[in-house]
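Sequential numbering from 1410 applies to the sequence shown in this note's numbering. Taking it in order: structure first as structure tokens, then the write-up.
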Amino acid sequence: MKCPSCKTEIQALKKECPACGVSYGANLYARFSLYFDLKKKYENLVKIKAELSDEVENTRRQFLFYEGILTEELKTIKLPIKPQASEKEETQPTPKGSQGQPPPQSQVQQTEKPPGQKPLSKPKLQPAPPQLGSLELRIGQRLLLIVGVIFTIIGVAYFLKYSFDKGWVGPAGRVALAYLWGIAFLILGQWFKNKDYTVFGLYIFGGGLAVLYFSTFAAFHIYHLFSQFTSFFLMILTTVLACSMAVVYNTKWIAVLGIIGGFTTPLLLKTGIDNQLSLMSYMSLLNIGIFAISFYKRWNLLNYLGFFFTYFLYTIWFIFNYSSTKFWPSILFLTFFYLIYSVVPFAYQFLKAQKESLKGFIIITPNSLIAFSYSYFMVADFKSVEWVSVISLFYAFSFLSMAYFLYLRQKQDTEAYAVLIGKAALFLVITIPVLFSDEWVTIFWIAQAAALIWLGTKLNKGWMVVSAYILLFISIFKFIIYDYPSLFKLDYDNFIISKTAGFDLGIARMITSMSVLIGMYIVSRLLNKSKRFIALTRFSYTVFGALFFLVLNVEVSNYFYHNLSEARFAAISILWGLFSITLMIIGIAFKVSPVRKVSFALFFVTILKVFLVDMGKFSTPYRILSFIILGLLLVITSYLYHKHKDRILGLFNEK
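What follows is the structure, given as structure tokens:
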């Protein structure tokens, strides 16, 4: 919804537009109240839904785990044999009530109680302490099983070695036995799972997968029975089997085992010969499979593992095999990996899970920084540093595209939207010094900081405003510490510009100074308009005033030094006096007591400067001019205090 007058988004319940002041009317205000109540309720329900979804999944896993435990314990219970009733018991007379029917149960219980004994209360079931039992079950059912499977695999390996040493079976027979052992584990794990020993069966199944990986590795590296292509194909089949059964069994840990096995396959089957296209294509296919499984089953852990192992393998290959002759396939595969781990978390978060939390966005930042670091090195080495801007702009464009997608889905008020905008801004910040140089970096950074602060105040994201403010002060620091002395040849000791600067540098200095001042003023206005960052607003206006004062001093001092050097100190004193009275007028007009106090302080410093410094620096005519103008300014200031006495007295308690 937008204001019909100024087209500003209506984001809060107000009786009038905060931007242009147009009134909505009583009836429309009441409807707005209902709308914002419903919107807040919807947002709360969305958050509750996300939390409940995780809680439901955790609870489901817990009760299925305990269901398996209880099922196994129920099988161990020995059922008592029911004794048959004797003839004597069958023929015993049954006491009857008044109607010849058996007496009520209450009467039977009362007649069986000894006299004077209180009725027995229903016994309360005391639950067994869960901690000891749970720990014991975890050790007995899982830890011992894991250790047992590992020891069994180690035993198989030692058996193969021992059989080789003794010459019992040949290499082919040993590998065949290992494969049979792995297949037996798979079949046995499936059998136990079908018998409701789910956890036990899955661990046995996982052990079988590990044995298959080991068997293929032994066949290739130890016994040289298989070619690299055959071994690679068999390990891929094992990885596909693991991931497929993880989906069928709905158990992500089997998929984790398959992913670890899949990514370690190139390391296990390496021959020392670089085959970049095969390796990178295999990694790409593996990542596509990870994306499909994690997207379908909502297993975010697979994304983290895939991200880690992808860049781990890429780093190992890059260290030992990269050269500039392999630039194009290297940069293209790296870009694909970057897109996978930028788009996948985004898609997982907003196309499947439909959540607004940032849990799935964790790997976006390290992914972009790692990929950009490699890209920077390769592009700078292959072409030049300026071409790195193509990569940084591409990264910025990808983040802006995802942010635009959220904007189209009316999710521009989410934290993820702000994060994506922030990432895009980061790479634009990086692009500016790559494409431009010198004072243009300062100008663009100032403009970008102002734009980010505008967006941060509009989205009500404090962290974005703070981040933009940091960029703003880096720009101001560069302007004062680097641009002025190094680019524009300012001598801070005398506040003059060297004649070697030239006309072009003078124009550049003026443009940069105006850009910094305008940018700082816009930032101050934006913060003041948001009404949220009060302390930051005051600080921004203070910084703006200090920068304005600095620029005026530089320009006035430099002009008079080169054109009328005798009047330079008098001109600076007059400038200080004019600045003081301007601050006083602003302080009275806008009811800001600190500004008036700063004005008093500057007047005091100006008076000291005139008496202690200027009197010995310039001749009598300029001394007269300085005293007269400063005196008139002080008189005018006193007049303002007389004229607005009541107004100022009424303001002392306001600010």
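Just so it is clear, CB atoms sit at the ideal spot from N, CA and C, and this is done for glycine as well.
- By the neighbour-count criterion, in which 16 or more other beta carbons inside 10 Å mark a residue as buried, M1919 falls on the exposed side.
- Taking the C-beta atoms as reference points, N1776 is found nearer than 7 Å to Y1750.
- Its Cα nearest to that of K1820, the residue L1868 stands out among I1773, L1868 and T1680.
- The C-beta distance from G1591 to L1611 rounds to 15 Å, too long to meet the 8 Å contact threshold.
- In this structure E1795 is exposed. Its beta-carbon is surrounded by fewer than 16 other beta-carbon atoms within 10 angstroms.
- Under the three-state reduction of DSSP output, D1847 falls in the coil class, being neither helix nor strand.
- In this structure the region 1871 to 1884 does not touch the region 1906 to 1921; the number of beta carbon pairs closer than 8 Å is below three.
- Nearest in C-alpha terms to V1932, of all of V1963, S1974, F1882 and D1900, is F1882.
- Exclusion of the five residues before and after M1410 leaves I1419 as the residues of its chain whose Cβ lies within less than 6 Å of its Cβ.
- In the structure shown, the three-state DSSP call for K1898 is coil.
- Assignment of S1793 by DSSP, reduced to helix, strand and coil, places it in the coil class.
- A straight-line Cα-Cα distance of about 17 Å links P2003 and V2014.
- The alpha-carbon separation between A1789 and I1563 amounts to approximately 49 Å.
- With a cutoff of 7 Å on beta-carbon distance, L1621 and T1647 are scored as near each other.
- In this structure F1614 does not touch M1644 by the C-beta definition: roughly 17 Å separates them, more than the 8 Å allowed.
- Residue environment: G1871 is assigned as exposed (fewer than 16 neighbouring CB atoms within 10 Å of its CB, all protein chains considered).
- Non-local C-beta neighbours of S1690 in its own chain, meaning closer than 7 Å and more than five positions away in sequence, are absent.
- Taking the C-beta atoms as reference points, E1848 is found nearer than 7 Å to L1896.
- For the pair K1792 and F1808, the CB atoms are not nearer than the 7 Å cut-off.
- Three or more beta-carbon pairs separated by less than 8 Å are not found between the region 1731 to 1740 and the region 1695 to 1704, which leaves the two stretches without contact.
- The Cβ neighbour count for P1754, taken over all protein chains shown within 10 Å, is at least 16; the residue is labelled buried.
- Rounded to whole angstroms, the separation of the alpha carbons of L1835 and I1669 is 33 Å.
- Inter-residue distance for A1581 and F1623 is about 14 Å (C-alpha atoms, whole angstroms).
- R2005 counts as buried, since no fewer than 16 other beta carbons sit within 10 angstroms of its beta carbon.
- Within 10 angstroms of the beta-carbon of M1873 lie 16 or more other beta-carbons, which makes it buried.
- Under the 10 Å beta carbon count, A1917 is surrounded by 16 or more other beta carbons and is classified as buried.
- Rounded to the nearest whole angstrom, the C-alpha separation of L1961 and I1981 is 9 Å.
- If you check the CB distance, I1773 and Y1720 do not come in under 7 Å.
- Note that the region 1980 to 1999 does not touch the region 1933 to 1950; fewer than 3 beta-carbon pairs, one per stretch, sit closer than 8 Å.
- As the crow flies, the alpha-carbon of F1441 is around 28 Å from that of I1862.
- Here I1852 is buried. Its C-beta has 16 or more other C-beta atoms within 10 Å.
- A distance below 7 Å between beta-carbons, with the five flanking residues on each side excluded, links A1756 to the following residues of its chain, in chain order: F1704.
- Residue environment for I1682: exposed (fewer than 16 other C-beta atoms within 10 angstroms of its C-beta).
- Apart from the 5 residues on each side of it in sequence, I1699 sits with its Cβ closer than 6 Å to the Cβ of L1711 and G1715 in its chain, given in chain order.
- Under the three-state reduction of DSSP output, K1411 falls in the strand class.
- For the 7 Å CB-CB criterion, S2008 and S1989 form a contact.
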